[in-house]
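Here the structure comes first, spelled out in structure tokens, and everything after it is commentary.
Residue numbers (the numbering used here), protein chains in the order written: chain A, 510 to 808; chain B, 68 to 434.
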């Protein structure tokens with residue numbers, strides 16, 4: 510088979526991958542220690558295989574601007590050449606579809622994952638497997654919704670959250686596809702483990718004490734789940750002073766800030782109207798966040 | 068699984084077979100053997116003698132080629148001067164080197180063709196190619212097997228508490244797929260899906276234990292990335308997709324196999340399917356982050372798990388307040404391989420996460 514113990518995967522000594530650390534022919538403890546040191550240094554200098562950003566859950570305190578952030582990121586990812594799939598996993602608020610310019614309503618994904626649903630027994634599925642009616646598309650962006658609580662006494666939201674969790678876990682993405690999830694406000698989804706199979710958590714933080722506290726909690730939970738890439742996005746920032754104050758507080762949580770979306774009249778206007786995102790500047794800010802993400806931004 | 072054999076009996080028979088088949092060895096083979104296993108006058112020289120004929124031995128002893136132009140890159144070519152010094156036709160030398168490459172004795176290194184540097188490298192490379200089974204003969208495989216000693220189960224006291232190892236156990240994925248906190252580096256499916264390349268080949272270790280009794284198919288060595296490419300280049304492996312690899316390991320659920328890989332988070336070369344009757348590495352493999360647990364209410368006392376455990380962690384015992392004997396796995400000995408969990412028909416067994424992330428180092432830095 511080759512050289513079994515090579516931590517760098519060189520199948521034989523003096524292969525291209527071989528850095529001549531000496532581990533495979535070390536005879537004394539000192540030689541092994543030295544070889545290990547060389548390996549660690551080499552690996553630090555060459556970033557290890559980081560997983561591609563493919564399943565991004567956007568979280569944060571209610572009202573922090575998650576939906577707007579998801580809409581901006583959608584456009585920015587599209588510009589970066591990815592094929593975007595957006596899932597509205599928010600059980601109450603219906604704004605995301607409108608913001609993306611989606612007409613009409615998609616069937617709720619929870620129908621697929623109910624006890625007698627089509628996907629109730631499936632281990633995995635891809636976008637091609639999803640029956641028509643569940644996926645809406647506009648301008649190359651595909652949109653799905655988990656479902657909403659529409660009626661009083663409808664019951665608890667467990668089945669909606671469970672559907673969201675199953676989608677994150679079982680959806681197989683093709684190369685170039687990226688999944689963006691607009692999550693339920695706060696930490697409820699984490700308590701249910703919805704994000705476990707996401708590879709990236711973006712926490713939207715607005716300049717408020719509560720928002721920062723929630724961000725810290727989310728970060729802790731994400732790390733507890735073993736998700737490697739967790740970052741914060743500052744939203745609705747109206748001034749430099751506000752930005753630096755919020756950043757200061759955020760630093761205490763240890764959360765890495767990937768970018769800032771400034772408060773922007775145009776953006777606020779469209780958020781109010783619930784119409785397609787109308788601010789070019791904001792989309793560019795989102796683009797900077799994506800670059801920071803894919804360069805290995807994690808906390 | 069074929070009938071379990073007594074490892075010491077098997078070893079005694081192996082020793083007898085080797086004695087019977089002792090053949091005289093020319094001096095040059097001692098020279099070659101000394102390069103990687105100095106001092107051994109019986110086994111390694113004979114292994115070399117089976118691998119390389121007289122002409123090939125001469126070539127290997129003269130490698131590396133000092134006259135190879137600098138910057139040749141990885142190659143199996145030699146210079147004209149090298150062939151001339153040996154008094155051989157260059158085409159003949161090249162042909163021999165290519166055959167030795169296929170056999171796993173010579174490698175296309177940055178310094179030109181060169182012999183294996185270490186014992187382990189030779190072991191892993193030179194046991195993989197079934198195309199040479201006949202010419203190497205059973206004795207060749209027996210010689211390799213003999214070096215490892217009797218293949219008995221690891222004894223409970225074999226691993227110290229501060230044990231370090233270059234290989235680690237990867238749990239059988241059905242046993243851990245629902246445990247919260249499972250990481251990609253211990254999820255066999257995630258490991259296979261994140262590969263650039265996968266090549267399936269004959270397992271060398273199994274080939275070297277000609278009397279093995281685990282029943283695991285020969286073609287059970289899953290090589291990855293660069294190692295996969297190496298084996299495709301010398302035609303000892305066939306390319307498979309991640310999905311095929313996953314269904315192969317699923318087929319092995321009925322065998323008490325243990326997955327082993329390099330003891331670091333970044334899996335580099337292999338995902339092995341090991342058994343104690345044919346793998347030495349399993350004896351000192353580092354535990355996974357899991358141990359198994361038994362729900363005594365569900366346990367029916369069928370004892371399948373006792374048989375399945377390769378580490379002697381499992382036995383039947385009388386629990387207080389519970390009638391009859393139920394299964395028990397010692398968490399100190401259990402290495403978290405998941406073999407007993409996937410075959411428990413009563414669903415009495417589960418895996419529990421008991422060690423932190425740091426237990427599996429980022430890079431193989433156990434020293």
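Where is the CB? At the ideal position from N, CA and C, for every residue including glycine.
query: Unbroken alpha helix (DSSP H) runs of length 4 or more, entirely within the stretch 561–620 of chain A: which are they?
result: Here the runs fully enclosed are 575–588 and 604–608.
query: Should residue 296 (chain B) go down as buried or exposed, given a rule of 16 or more other Cβ atoms within 10 Å for buried?
result: Taking the second chain and counting its residues from 1, one reaches residue 296 (chain B) at position 229. Residue 296 (chain B) counts as buried, since no fewer than 16 other beta carbons sit within 10 angstroms of its beta carbon.
query: Around the Cβ of residue 298 (chain B), are there at least 16 other Cβ atoms within 10 angstroms (buried) or fewer (exposed)?
result: On the second chain, position 231 is the one that residue 298 (chain B) refers to. Buried, since its Cβ has 16 or more Cβ neighbours within 10 Å.
message: Beta-carbon within less than 6 Å of residue 135 (chain B)'s beta-carbon, same chain only, minus the 5 sequence neighbours each way: which residues are those?
response: As a first step, residue 135 (chain B) is located in the second chain; it is residue number 68 there, counting from the start. The residues are 146 and 179.
message: So the candidates are B:418, B:343, B:388 and B:395; which of them puts its Cα closest to the Cα of residue 356 (chain B)?
response: Taking the second chain and counting its residues from 1, one reaches residue 356 (chain B) at position 289. Checking every option, the nearest Cα to that of residue 356 (chain B) belongs to B:418.
query: What's the call for residue 515 (chain A), buried or exposed, on a 16-neighbour Cβ count within 10 Å?
result: Your numbering for residue 515 (chain A) matches position 6 in the first chain. With 16 or more Cβ atoms within 10 Å of its Cβ, residue 515 (chain A) is classed as buried.
message: Looking at the secondary structure, which residues open and close the alpha helix (DSSP H) in which residue 326 (chain B) lies?
response: Here residue 326 (chain B) corresponds to residue number 259 of the second chain, with the count starting at 1. Taken as a continuous stretch (DSSP letters only), residue 326 (chain B) belongs to no alpha helix (DSSP H), being part of the beta strand (DSSP E) at 325–329.
message: Just to confirm my understanding: we take residue 398 (chain B), look at its own chain, exclude 5 residues before and 5 after, and list those with CB closer than 6 Å. What are they?
response: Working through the second chain from its first residue, we reach residue 398 (chain B) at position 331. Counting only residues of its own chain and dropping the five nearest sequence neighbours on each side, residue 398 (chain B) has a CB closer than 6 Å to the CB of 358.
field: As assigned by DSSP and simplified to three states, the class of residue 528 (chain A)
entry: Along the first chain, one-based indexing puts residue 528 (chain A) at 19. Reduced to three states, the DSSP call for residue 528 (chain A) is coil.
query: To which residues of the same chain is residue 84 (chain B) closer than 7 Å at the C-beta, ignoring the five residues directly before and after it?
result: Position 17 of the second chain, counted from the start, is the residue given in the question as residue 84 (chain B). Contacts found: 209.
- prompt: Can you list the residues of chain B that residue 552 (chain A) reaches, using a CB-CB cut of under 7 Å?
  reply: Against the first chain, residue 552 (chain A) aligns to sequence position 43. By Cβ distance, chain B contributes 430.
message: Can you tell me whether residue 647 (chain A) is buried or exposed? The criterion is at least 16 other CB atoms within 10 Å of its CB, across all chains shown.
response: Along the first chain, read from residue 1 onward, the residue named residue 647 (chain A) stands at position 138. Exposed, by the Cβ-count rule.
message: Mapping the DSSP letters down to three states, classify residue 557 (chain A) as helix, strand or coil.
response: Taking the first residue of the first chain as 1, we reach residue 557 (chain A) at position 48. Residue placement at residue 557 (chain A) is flagged as unreliable, the pLDDT there being 42, under the threshold of 50; the coordinate-derived value follows with that caveat. The answer is coil: DSSP assigns residue 557 (chain A) none of H, G, I, E or B.
message: What residue range does the alpha helix (DSSP H) around residue 122 (chain B) cover?
response: For the purposes of this step, residue 122 (chain B) is taken as residue 55 along the second chain, with counting starting at 1. 121–129 is the extent of the alpha helix (DSSP H) around residue 122 (chain B).
message: Please list the terminal residues of the continuous alpha helix (DSSP H) segment that includes residue 440 (chain B).
response: The structure shown does not extend to residue 440 (chain B), since chain B spans only 68 to 434, so no value can be given for it.
field: Contacts around residue 431 (chain B), its chain only, beta-carbon distance under 7 Å, and the 5 residues preceding and following it disregarded
entry: Numbered from its first residue, the second chain carries residue 431 (chain B) at position 364. If we look at residue 431 (chain B) and ignore the five residues flanking it on each side, its Cβ neighbours are 233, 329, 330 and 331.
- prompt: Which residues, in chain order, does the stretch 177–188 of chain B contribute to contact with chain A at a C-beta distance below 8 Å?
  reply: Result list: 177, 178, 181, 183, 184, 185, 187 and 188.
- request: Could you name each continuous beta strand (DSSP E) segment of 3 residues or more that falls completely within the stretch 657–707 of chain A, going from the start of the chain to the end?
  value: 686–691
task: My understanding is that residue 518 (chain A) touches residue 292 (chain B), with C-beta atoms under 8 Å, so please give their C-beta distance in whole angstroms.
output: For this step, residue 518 (chain A) is matched to residue 9 along the first chain. For this step, residue 292 (chain B) is matched to residue 225 along the second chain. With a Cβ gap of about 6 Å, residue 518 (chain A) and residue 292 (chain B) count as contacting.
query: When DSSP labels each residue in this structure, what does residue 218 (chain B) get in the three-state scheme?
result: By 1-based counting over the second chain, the position of residue 218 (chain B) is 151. Of the three classes helix, strand and coil, the one that applies to residue 218 (chain B) here is coil, per DSSP.
- prompt: Quick one: Cα of residue 379 (chain B) to Cα of residue 727 (chain A), how far?
  reply: Taking the first residue of the second chain as 1, we reach residue 379 (chain B) at position 312. Taking the first residue of the first chain as 1, we reach residue 727 (chain A) at position 218. Roughly 42 Å separates the two Cα atoms.
- prompt: Is residue 426 (chain B) closer than 8 Å to residue 345 (chain B) when the C-beta atoms are compared?
  reply: Counting from 1 along the second chain, the entry for residue 345 (chain B) is found at position 278. Counting from 1 along the second chain, the entry for residue 426 (chain B) is found at position 359. Their beta carbons are not under 8 Å apart, which means residue 345 (chain B) does not touch residue 426 (chain B) by this criterion.
message: To the nearest angstrom, how far is the alpha carbon of residue 609 (chain A) from that of residue 786 (chain A)?
response: Here residue 609 (chain A) corresponds to residue number 100 of the first chain, with the count starting at 1. Here residue 786 (chain A) corresponds to residue number 277 of the first chain, with the count starting at 1. Their backbone Cα atoms lie some 7 Å apart in a straight line.
message: 8 Å is my cut-off, CB to CB: does residue 192 (chain B) come that close to chain C?
response: Structure shown: chain C not included; protein chains present are A and B.
task: Using beta-carbon positions only, say whether residue 185 (chain B) and residue 126 (chain B) come within less than 8 Å of one another.
output: Sequence index remark: in the second chain, residue 185 (chain B) carries index 118 (1-based). Sequence index remark: in the second chain, residue 126 (chain B) carries index 59 (1-based). Their beta carbons are not under 8 Å apart, which means residue 185 (chain B) does not touch residue 126 (chain B) by this criterion.
- request: Pick helix, strand or coil for residue 644 (chain A), following the three-state DSSP scheme.
  value: Mapped onto the first chain, residue 644 (chain A) falls at position 135. It is coil, neither helix nor strand.
task: Whole angstroms is fine: what's the gap from residue 183 (chain B)'s alpha carbon to residue 73 (chain B)'s?
output: Within the second chain, numbered from 1, the residue matching residue 183 (chain B) stands at position 116. Within the second chain, numbered from 1, the residue matching residue 73 (chain B) stands at position 6. Residue 183 (chain B) and residue 73 (chain B): Cα-Cα distance of roughly 34 Å.
field: C-beta neighbour in chain B for residue 515 (chain A), strict 8 Å
entry: Numbered from its first residue, the first chain carries residue 515 (chain A) at position 6. Judged by the 8 Å Cβ criterion, residue 515 (chain A) is in contact with chain B.
query: What does DSSP give as the partner residues of residue 650 (chain A) in its beta bridges?
result: On the first chain, residue 650 (chain A) is found 141 positions in, with the first residue counted as 1. Note: residue 650 (chain A) sits in a beta bridge opposite A:647.
- request: Give the single residue among B:340, B:193, B:89 and B:259 whose Cα lies nearest to the Cα of residue 326 (chain B).
  value: Counting from 1 along the second chain, the entry for residue 326 (chain B) is found at position 259. Ranked by Cα distance from residue 326 (chain B), the options B:340, B:193, B:89 and B:259 are led by B:340.
field: Every unbroken alpha helix (DSSP H) within the stretch 134–206 of chain B, with a cutoff of 4 residues, ordered by chain
entry: 147–153, 157–170 and 186–193
query: To the nearest whole angstrom, what separates the beta carbons of residue 353 (chain B) and residue 235 (chain B), a pair I think is in contact under 8 Å?
result: Against the second chain, residue 353 (chain B) aligns to sequence position 286. Against the second chain, residue 235 (chain B) aligns to sequence position 168. Right, their Cβ atoms sit about 4 Å apart.
- prompt: Could you give the residue range of the beta strand (DSSP E) that holds residue 415 (chain B)?
  reply: The residue you call residue 415 (chain B) lines up with position 348 of the second chain. Counting along the chain, residue 415 (chain B) sits inside no beta strand (DSSP E), nor does DSSP assign it H or E at all.
field: Whole-angstrom C-beta distance between residue 176 (chain B) and residue 524 (chain A), which should lie under 8 Å
entry: As a working note, residue 524 (chain A) is residue 15 in the first chain. As a working note, residue 176 (chain B) is residue 109 in the second chain. Rounded, the Cβ-Cβ distance is 7 Å, consistent with contact.
task: Count the C-beta pairs between the stretch 255–265 of chain B and the stretch 278–288 of chain B that are closer than 8 Å, then say yes if the count reaches three, no if not.
output: The stretch 255–265 of chain B is not in contact with the stretch 278–288 of chain B.
field: Neighbourhood of residue 270 (chain B) by C-beta, 6 Å cutoff - its chain only, sequence neighbours within 5 removed
entry: In the second chain, counting from the first residue as 1, residue 270 (chain B) sits at position 203. Closer than 6 Å at Cβ, skipping near neighbours: 287 and 288.
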